[in-house]
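Accompanying notes for the structure given below.
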Amino acid sequence: MNKLERKKVEIPISTVYRELETHSLKKVFIESAKLIRAEIFETTPADLINALNLIVEGTHANEILSSIQDAPKKLENWLQQHTTKWDPTLGNKNIQTAEQAKFGITYCDQALAESGTVVLLNENNKGRSVSLLPEIHIVLILANTIVPRLQESMRKLHERIKEGKGVPSCINYITGPSNSADIESYLVVGVHGPLRTIYVIIEEEA
Amino acid sequence: MSIKIKAGPFKKRMTAELKNDFMRKAVSGAQDGLGARRNLATEQLGEWEKWREAGQEIRQHTVNNLAHYLEQFSEQVTKSGGHVYFAKDDQEATRYIQEVVQKKNAKKIVKAKSMVTEEIGLNAALESIGCEVVETDLGEFILQVDDHDPPSHIVVPALHKKKEQIRDVFVKKLGYTKSADPDELAKHARYTLREKFLQADVGITGCNFGVAESGTICLVTNEGNARLVTTIPKTQITVMGMERLVPTFEDLDVMVSLLTRAAVGQRITSYVTLLTGPKKQQEVDGPEELHVVIVDNGRSKILGTDFQEILQCIRCGACLNVCPVYRHIGGHAYGSIYPGPVGAVLTPLLDGYEDHKDLPYASTLCGACTDVCPVKIPLHGLLLKHRQVIVETEGKAPISERLMMKAFGFGASTNSVYTGGSKIAAVSLKMLLKNKQMISNGPGLLKEWTNSRDFPTPKQSRFRDWMKDHEEAKSHE
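As given, the protein sequences belong to chains A and B, one line each in that order. In terms of this note's numbering, the first sequence is residues 1 to 206. In terms of this note's numbering, the second sequence is residues 207 to 683.
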């Protein structure tokens, strides 16, 4: 197929970059996340398990579904003990588990400061349902994966295509819990997707 | 449902809608709310005009090279394991989808909101072969349960409905027992629809943007239903208007940034989902089979004409949210699933002038739609162009319309003409004034408004003169 000549489109500059001159990516991300009704926990790698225990306190492992690959040893042990793991060998059974789960725990590959968005690349069997069917979605966010905005994330996808790598079958940009304003313009939080979204932001102590 | 939603002459439809006080209050409330949110969101992004220019450039480039990008897109969809079908018209599209569904022996279908599937009358086509088709967007679901009441807004389809009406419908049709509280109504829909998702054989979506470089389908939603539709059923069918492409992911950033702000004043919606091909072999959830149906249905006829710019449209609904005519007559009066300024331009192009000749006149040509359009479509200019075509082919426009052209339309069409034109308007409307302040019995379309309310007159004298008169009048009191 012929290549098409094209003038480069100049992408305007969002005000988020100005904000980032004086504030950290994490701070801007948290401010945006508050606006979209995400619940926020800040923690450190050392304290992560305590934070998770606090969040899921009293919930049986049957009702907590997790899909986290290559977790550090301490987290992996906790997931083994306290959650049901997304297991590709079980096929559709996973979807039933997700449907009945109270919590779904995932990690994000990227987060966007401007909008308080988490980006989940659903490859390597991360599972689309884990962030969708349970009542509450918990996302683990490493502070160093936060980028300014959608632009950086989309550029990365564009580069993957240019390098011939292809993109995952499903990529989710998730920004807070599901909602709708379809009835008399009144905002209902929690429609088809999770009723609540919890962001757990993990950063090494300075 | 097809593109037409209500029969009968435009005037009659409009007169009926003007009496619907709740609808008119709901529309003006939504316009004000969405407008304020849009303004805030565009201000926060910064350089909004430059964003609009970038959006316009991307969409114009794509539409100018549509054949190229359609070829690239369909190649990529195929490469990622999906099937592509080009449908010349609604018949071809629905027939293909019926065949896919029958081959799967599927009976239960869940759908995410999609205007193009309404345009091609897909639900009726599937019901005719014995399928249950469930709309899962909350607004669309409400309309479907209420005996297929047509949508009245392209983003907020059930805008014209009261929560009490919704409760009554839920009670009658779904055995609902609770109050008219939106939270309770939405919860009931959630549990009713969850079951439908889990049982569905086929999921059908529209497509906000197709990314040509990767064959990716981009879905922009808030409720999460489009995610469910593309996660649980084994077969996914995506129906896309042929013009809905962007070349690359970098372009997608600009388009999504514009769409969510222009449509609902959000920096981004709760879910932006990018789907490329069916699920991979080792993956558990997602469809095993993906069909992308690319629909022409009159669009390619618009290419290369004076109306080509309408194909830049990204269906954000911003033009509905500022239109003074839409504000008063609501969505149904347009008689098309595409209401408002965009609908008044698009409907006659897709479905012919015959049944929609009045739509280009359902506008004051104030230009608010053009100012707000995130991809800079000259909407009111295109409406004027429609009027020219109608006048040229018909030889003449009805008398009241001619008066409208002179008195109002012509004058408001461009800024430079406006200054001079408002003088002409002031003169020609003068004879209709009750007290020189308000027009109470206007001609033609204006009449439908003035029957329900008085219409402010174009400025007759300079502000300074008015002020002087005003002061004088006051001193006499």
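By construction, the Cβ of each residue, glycine as well, lies at the ideal position given by its N, Cα and C atoms.
- At the C-beta level, residue 183 of chain A and residue 392 of chain B come within 8 angstroms of one another.
- In this structure, the alpha-carbon of residue 325 of chain B lies about 38 angstroms from that of residue 113 of chain A.
- Chain order gives no chain B residues near residue 28 of chain A, where near means a beta carbon separation below 9 angstroms; the closest approach is about 12 angstroms.
- Per DSSP, the unbroken alpha helix (DSSP H) holding residue 404 of chain B starts and ends at 388 to 405.
- Of the residues B:551, B:304, B:420, the one whose Cα lies closest to the Cα of residue 276 of chain B is B:420.
- For secondary structure counted as the beta strand (DSSP E) over 3 or more consecutive residues, the segment 1 to 52 of chain A holds these complete runs in sequence order: 39 to 43.
- Following the DSSP letters along the chain, one finds residue 196 of chain A in no alpha helix (DSSP H) but inside the beta strand (DSSP E) bounded by residues 196 to 202.
- 8 angstroms or more divides the Cβ of residue 38 of chain A from the Cβ of residue 166 of chain A.
- Annotated as distal: residue 290 of chain B and residue 423 of chain B, with beta-carbon spacing of 8 angstroms or more.
- The beta carbon of residue 14 of chain A sits closer than 7 angstroms to the beta carbons of 114, 149 from its chain, once the five residues preceding and following it are set aside; these are given in chain order.
- Counting the other Cβ atoms within 10 Å of the Cβ of residue 598 of chain B gives fewer than 16, which makes it exposed.
- Contact note: residue 186 of chain A reaches chain B through 388, using a C-beta cutoff of 7 angstroms and chain order.
- Collapsing the DSSP output to three states places residue 228 of chain B in a helix.
- Cα atoms of residue 550 of chain B and residue 528 of chain B: separation of roughly 14 angstroms, rounded to the nearest angstrom.
- Boundaries of the alpha helix (DSSP H) harbouring residue 270 of chain B: 254 to 270, taken from the DSSP string.
- Residue 91 of chain A has a beta carbon lying within less than 8 angstroms of a beta carbon in chain B.
- Under the DSSP assignment, residue 586 of chain B falls in the alpha helix (DSSP H) whose first and last residues are 585 to 600.
- When CB distances to chain A are screened at a threshold of 8 angstroms, the residues of the segment 413 to 447 of chain B falling below it are 419, 420, 422, 428, 429, 430, 431, 433, 434, 436, 437, 438, in chain order.
- Contact check for residue 446 of chain B against residue 498 of chain B passes: the beta carbons are separated by less than 8 angstroms.
- Within the segment 90 to 126 of chain A, the complete alpha helix (DSSP H) segments at least 4 residues long are 93 to 100, listed from N- to C-terminus.
- Of B:388, B:490, B:237, the smallest CA-CA separation from residue 345 of chain B is found for B:388.
- Nearest CB-CB separation between residue 55 of chain A and chain B: not below the 8 angstroms threshold.
- Within chain B, 260, 456, 459, 460 have C-beta atoms less than 8 angstroms from the C-beta of residue 11 of chain A, given in sequence order.
- Membership of residue 64 of chain A in the beta strand (DSSP E) is indicated by the continuous run 64 to 66.
- Look at residue 366 of chain B here: in three-state DSSP terms it is coil, with no helix or strand label.
- Residue ranges of uninterrupted alpha helix (DSSP H) with 4 or more members, entirely inside the segment 486 to 524 of chain B and ordered along the chain, are 505 to 508.
- Straight-line spacing of the CA atoms in residue 43 of chain A and residue 202 of chain A works out to 5 angstroms.
- Taken atom to atom, the span from the alpha-carbon of residue 130 of chain A to that of residue 66 of chain A is near 7 angstroms.
- Residue 341 of chain B is bridged by DSSP to B:317.
- Residue burial is scored here from C-beta neighbours: residue 558 of chain B has fewer than 16 other C-beta atoms within 10 angstroms and is therefore classed as exposed.
- Take the alpha-carbon of residue 568 of chain B and the one of residue 241 of chain B: they are about 21 angstroms apart.
- Contact check for residue 570 of chain B against residue 545 of chain B fails: the beta carbons are separated by 8 angstroms or more.
- Here the C-alpha atom of residue 136 of chain A lies approximately 43 angstroms from the C-alpha atom of residue 553 of chain B.
- A residue is called buried when at least 16 other Cβ atoms come within 10 angstroms of its Cβ; residue 216 of chain B meets this threshold and is buried.
- Interface flag for residue 155 of chain A against chain B is set, since a Cβ pair is found closer than 8 angstroms.
- Residue range 574 to 578 is occupied by the alpha helix (DSSP H) that includes residue 575 of chain B, with no beta strand (DSSP E) assigned at that position.
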